[in-house]
Amino acid sequence: MFKKLAFPAILLCAGTVHADEGQWQPHQLPQLKSELKRIGIEIPAEKLADLSRHPMSAIVSLGGCSASFVSDAGLVVTNHHCAYGAIQRNATPEHNYIANGFLAKTRAEELPGGPNTLVYVTDKVENVSARVLGAVKPAMSGRQRHEAVEAAIKTLIAECETDKMYRCSVPAFHRGLEYYRIRQMMIRDVRLVYAPADMIGNFGGDIDNYEWPRHDGDYSFLRAYVGKDGRPADPSPDNVPYHSKDFLVVSAEGLKNGDPILLAGYPGRTSRYKLPSEIRDARDVAYPAKVAEIQADLDVIAAATKGSAADAVRYASVAKGLNNVMKKTQGLLDGFARKDIAAIKDVQDAQFRAWYVAQPKVSKTLLAELDAAIGADIALSNEEFGLAVATNSDLLKSGRTLYRLALEGRKPDAERESGYQQRDLAFIKARLTRLEQSYVGAVDQARYVAALRRYARLPAAMHAQGVDALLPAVDAVPALYQQSQLGDTATRLGWLGKDAAAIAASDDAFLKLAVKLNDVAMALENRRKEVDGNLERVIPQYMQAVIAWKQSQGKPVYPDANSTLRVTYGTVSPYSPRDGLTKGPFTTIEGIVEKHTGKEPFNAPAKLLEAVKAKRYGQFKDPVLGTVPVDFLTSADTTGGNSGSAVMNRHGELIGLNFDSTYESITKDWYFDRDITRAIHMDIRYMLWVMKEVDHADNLLQEMRIKYPKQ
Numbered sequence: 001m002f003k004k005l006a007f008p009a010i011l012l013c014a015g016t017v018h019a020d021e022g023q024w025q026p027h028q029l030p031q032l033k034s035e036l037k038r039i040g041i042e043i044p045a046e047k048l049a050d051l052s053r054h055p056m057s058a059i060v061s062l063g064g065c066s067a068s069f070v071s072d073a074g075l076v077v078t079n080h081h082c083a084y085g086a087i088q089r090n091a092t093p094e095h096n097y098i099a100n101g102f103l104a105k106t107r108a109e110e111l112p113g114g115p116n117t118l119v120y121v122t123d124k125v126e127n128v129s130a131r132v133l134g135a136v137k138p139a140m141s142g143r144q145r146h147e148a149v150e151a152a153i154k155t156l157i158a159e160c161e162t163d164k165m166y167r168c169s170v171p172a173f174h175r176g177l178e179y180y181r182i183r184q185m186m187i188r189d190v191r192l193v194y195a196p197a198d199m200i201g202n203f204g205g206d207i208d209n210y211e212w213p214r215h216d217g218d219y220s221f222l223r224a225y226v227g228k229d230g231r232p233a234d235p236s237p238d239n240v241p242y243h244s245k246d247f248l249v250v251s252a253e254g255l256k257n258g259d260p261i262l263l264a265g266y267p268g269r270t271s272r273y274k275l276p277s278e279i280r281d282a283r284d285v286a287y288p289a290k291v292a293e294i295q296a297d298l299d300v301i302a303a304a305t306k307g308s309a310a311d312a313v314r315y316a317s318v319a320k321g322l323n324n325v326m327k328k329t330q331g332l333l334d335g336f337a338r339k340d341i342a343a344i345k346d347v348q349d350a351q352f353r354a355w356y357v358a359q360p361k362v363s364k365t366l367l368a369e370l371d372a373a374i375g376a377d378i379a380l381s382n383e384e385f386g387l388a389v390a391t392n393s394d395l396l397k398s399g400r401t402l403y404r405l406a407l408e409g410r411k412p413d414a415e416r417e418s419g420y421q422q423r424d425l426a427f428i429k430a431r432l433t434r435l436e437q438s439y440v441g442a443v444d445q446a447r448y449v450a451a452l453r454r455y456a457r458l459p460a461a462m463h464a465q466g467v468d469a470l471l472p473a474v475d476a477v478p479a480l481y482q483q484s485q486l487g488d489t490a491t492r493l494g495w496l497g498k499d500a501a502a503i504a505a506s507d508d509a510f511l512k513l514a515v516k517l518n519d520v521a522m523a524l525e526n527r528r529k530e531v532d533g534n535l536e537r538v539i540p541q542y543m544q545a546v547i548a549w550k551q552s553q554g555k556p557v558y559p560d561a562n563s564t565l566r567v568t569y570g571t572v573s574p575y576s577p578r579d580g581l582t583k584g585p586f587t588t589i590e591g592i593v594e595k596h597t598g599k600e601p602f603n604a605p606a607k608l609l610e611a612v613k614a615k616r617y618g619q620f621k622d623p624v625l626g627t628v629p630v631d632f633l634t635s636a637d638t639t640g641g642n643s644g645s646a647v648m649n650r651h652g653e654l655i656g657l658n659f660d661s662t663y664e665s666i667t668k669d670w671y672f673d674r675d676i677t678r679a680i681h682m683d684i685r686y687m688l689w690v691m692k693e694v695d696h697a698d699n700l701l702q703e704m705r706i707k708y709p710k711q
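In case it helps, our numbering puts the sequence shown at residues 1 to 711.
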């Protein structure tokens, strides 16, 4: 059905775009030319679409966050919370870089970011839909279809990675209607250069998270290093800074209300094309369970680390990540309560279905097949959630990874499951090594005991088939930790590369538990392949019809976010979260003084407070505000993963860093409401002001190319 809609035609209905909505693939931007020009963007759309040219060539991924080059010597700026893992990795109670910040005055003083800190530079994107979908045959079962698609993707990746400097991926777009092969240079020697104190980089903490007004200096600097031949290399003192061909000029000229902005980064996941049944499951089942689970886990971590500064530092990054996910999920629930998005989607879904059945030569069974496939997905997701709760132990997760890797190692590399191929070994080793900085036996034991108790109370639908009889009794958990050596990094890493028989014969308690759980976990995984294969058969047909329907109405068509490079745009804008209340688009350093209590999380550094009191604004004073701005709002379309994204002015100069959204905006992952959706950015003038007046990061100010306002 709808075979006449070739892939290029389904991307955009040119000339009918709704302002601000859309996380656009770079190659779509020439079709947005008139809209970009209308809001005042002066960079040619064709240039923005070219990944080899400025400014897109300066935009990078950190594998979960976004960032950009700001010098030709590999200097990268991103959010403080995006570099938090690297900061925490190097922090100790004696040198607490989380609390006190860190600044390398010379390159020799820069600290290793660790194996999990990587920089990805995207340099090639190509449509490979025909090759992926050409592997599919009509008579295939769901599992067969899924495995055929996965095999085609692995072949495409292997072809792309013949040069080991690249990391390639083939993500789906429009829920499986299209596939693009993404080639990225992966830089694996990344060092921490500068991070302000937590009192600046995380001012307001979790209390202010997703709130406005904000006064958060959410920035940090990293540096990418490569071998002397200019190619990515393992960390080594012999490596040299990466020569970034393009980098962003940093503009201290500032913005005013109504000015246009471009935002480029790697947004994580949105769900704007999901059906009402999927929204109701998230609202009524999945999200409430997720919030309850994360909050309970956080409570256990807090209690288990209380009284130990060393343990608190070890779990700081874990707790920060969990807190962020929990507050966003709770914000989604609150957003669903405030606006009945499911009801809005009901109306849209009914309109679509009425349009669809009126079209000639369409499938009479598609909509029923669609509903059945989604129902099966929801049911299986409940069991997968339950298994995650039942196995919430870092040692058990390590044991399961080691055993699964050993089993996959019996197969030819091309036949191994994605995530366990040769190309994945470095990432597995990095995860297992990471526990050295984020694991304490007593804390992990407390987390697992509590998780097993919570699992026992979950509804029957969340108990994965066959799992219950294999789990340890709560009172047997302490013995597991006494009878396991996986908490020791050398021992844990020593199991890498061992065959499955050796692991199965081990007397290590967590390896034995991992072996025992493997069959039921594999059965669940095979059921997932069947469900996913059926979704991959039905959803693309549905999406093709939805796209045709939206185009018939002149509505924008862009793919959901999937952690690939996207561009969005908007304007500096205030908003009204409720009737009678309007919140302006800028906050200032005077607001920090007003919020300062001397206690976390509103404890500003004395040097900052002194600079504000003395009105040492320097070149960063805004002519309208009469002081230094801190954060600002725009109407840009963002989501998780956009943290650290470059916010650029009409000329493509860096004027801010994206780091958050307003609480009322969180539901934009499911439904974009242009009246209240606002992204929160740190004004680059605040970063420069702190660097000059508070932290005296003169070496970095000199390294960057900064465009100051005319006097």
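C-beta: ideal position from N, C-alpha, C; glycine also.
How close, in whole Å, do the beta carbons of residue i and residue j come, if the pair is a contact with beta carbons under 8 Å?
| i | j | result |
| --- | --- | --- |
| Asn323 | Asp206 | 5 Å |
| Ile374 | Leu275 | 6 Å |
| Ala289 | Phe173 | Not really, about 29 Å apart at Cβ, beyond 8 Å. |
| Tyr84 | Ser244 | Going by Cβ atoms, the distance from Tyr84 to Ser244 rounds to 23 Å, so no, they are not a contact pair. |
| Val125 | His27 | 7 Å |
| Thr587 | His215 | 5 Å |
| Val467 | Ala561 | Not really, about 32 Å apart at Cβ, beyond 8 Å. |
What residue range does the beta strand (DSSP E) around residue i cover?
| i | result |
| --- | --- |
| Cys160 | First-last for Cys160: Gly142 to Cys160, but that is the alpha helix (DSSP H), not the beta strand (DSSP E). |
| Phe586 | Phe586 to Thr588 |
| Lys512 | Run containing Lys512: none in the beta strand (DSSP E); it sits in the alpha helix (DSSP H), Ala509 to Ser552. |
| Lys583 | Leu581 to Lys583 |
| Phe620 | Note, Phe620: premise wrong, no beta strand (DSSP E); not H, not E. |
| Ile712 | The structure shown does not extend to residue 712, since the chain spans only 1 to 711, so no value can be given for it. |
| Asp742 | Absent from the structure is residue 742, since the part of the chain shown begins at 1 and ends at 711. |
From the DSSP output, read off the bridge partner residues of residue i.
| i | result |
| --- | --- |
| Arg650 | Bridge partners of Arg650: none, in fact. |
| His82 | Residue identity check: residue 82 is Cys in the sequence provided, not His. Per DSSP, none; premise fails for Cys82. |
| Asn658 | His681 |
| Asn562 | Arg269 |
| Gly570 | Ile261 |
| Asn127 | Tyr180 |
| Pro241 | Tyr225 |
| Val121 | Met185 |
| Arg578 | Leu581 |
| Val249 | Its beta-bridge partners do not exist; DSSP assigns none. |
| Cys168 | Arg183 |
Expressed to the nearest angstrom, what Euclidean distance is found between the alpha-carbon atoms of residue i and residue j?
| i | j | result |
| --- | --- | --- |
| Leu700 | Asn96 | 22 Å |
| Tyr542 | Asp377 | 16 Å |
| Arg223 | Gln348 | 47 Å |
| Ala476 | Asp444 | 14 Å |
| Thr597 | Lys607 | 15 Å |
| Tyr242 | Gly74 | 5 Å |
| Glu536 | Gln295 | 34 Å |
| Leu496 | Ala354 | 56 Å |
| Glu42 | Met648 | 11 Å |
| Pro8 | Pro267 | Its pLDDT being 34, under 50, Pro8 is placed unreliably in this model, and the value from its coordinates should be taken loosely. Approximately 22 Å between the Cα atoms of the pair. |
| Ala430 | Pro115 | 5 Å |
| Leu5 | Met140 | In this prediction, Leu5 scores a pLDDT of 35, lower than 50, which makes its location untrustworthy; the coordinate-derived value is nonetheless stated afterwards. So the alpha carbons of these two residues sit roughly 24 Å apart. |
| Val538 | Ala286 | 23 Å |
| Leu11 | Thr305 | Low confidence applies to Leu11: its pLDDT is 42, below 50, so where it sits in the model is not reliable, and the reading given next is rough at best. Taking the straight line joining both Cα atoms gives about 50 Å. |
| Asp246 | Val531 | 44 Å |
Need the endpoints of the alpha helix (DSSP H) that residue i sits in, please.
| i | result |
| --- | --- |
| Thr433 | Leu425 to Ser438 |
| Ile261 | No alpha helix (DSSP H) holds Ile261; the beta strand (DSSP E) holding it covers Pro260 to Gly265. |
| Gln702 | Asp698 to Glu703 |
| Ser635 | Ser635 -> no alpha helix (DSSP H), and no H or E assigned at all. |
| Phe352 | Ile341 to Val357 |
Decide yes or no for the touch test of the segment 488–502 against the segment 419–439: beta carbon pairs closer than 8 Å, at least 3 of them.
Touching, yes.
_For the structure I just gave you, are there three or more beta carbon pairs, one from the segment 658–667 and one from the segment 199–214, closer than 8 Å?_
Contact annotation: the segment 658–667 touches the segment 199–214, with at least three C-beta pairs closer than 8 Å.
**Item:** the segment 407–416 contacting the segment 349–367, beta-carbon criterion three pairs below 8 Å
**Value:** By the Cβ test, the segment 407–416 is not in contact with the segment 349–367, since fewer than three Cβ pairs between them sit closer than 8 Å.
**the segment 85–94 / the segment 255–263 touching (three or more Cβ pairs under 8 Å)** = Cβ pair count under 8 Å is below three, so no.
Next on the checklist: Taking 8 Å as the cut-off, does the segment 626–640 touch the segment 177–195 (at least 3 CB pairs, one atom from each stretch)?
Outcome noted: The segment 177–195 is not in contact with the segment 626–640.
Original post:
Hey, is the segment 216–233 in contact with the segment 544–553, meaning 3+ C-beta pairs nearer than 8 Å?
Top reply: Under the three-pair Cβ rule at 8 Å, the segment 216–233 does not count as touching the segment 544–553.
Q: Could you tell me whether the segment 634–648 touches the segment 555–569, using the rule of 3 or more Cβ pairs below 8 Å?
A: Three or more beta-carbon pairs drawn from the segment 634–648 and the segment 555–569 are found closer than 8 Å, and the two stretches are therefore classed as touching.
Any contact of the segment 502–511 with the segment 390–407, i.e. 3+ C-beta pairs under 8 Å?
Cβ pair count under 8 Å is three or more, so yes.
Exercise. For the segment 680–691 and the segment 605–622, state whether three or more C-beta atom pairs, one from each stretch, are separated by less than 8 Å.
Key: The segment 680–691 makes contact with the segment 605–622; the number of CB pairs closer than 8 Å reaches 3 or more.
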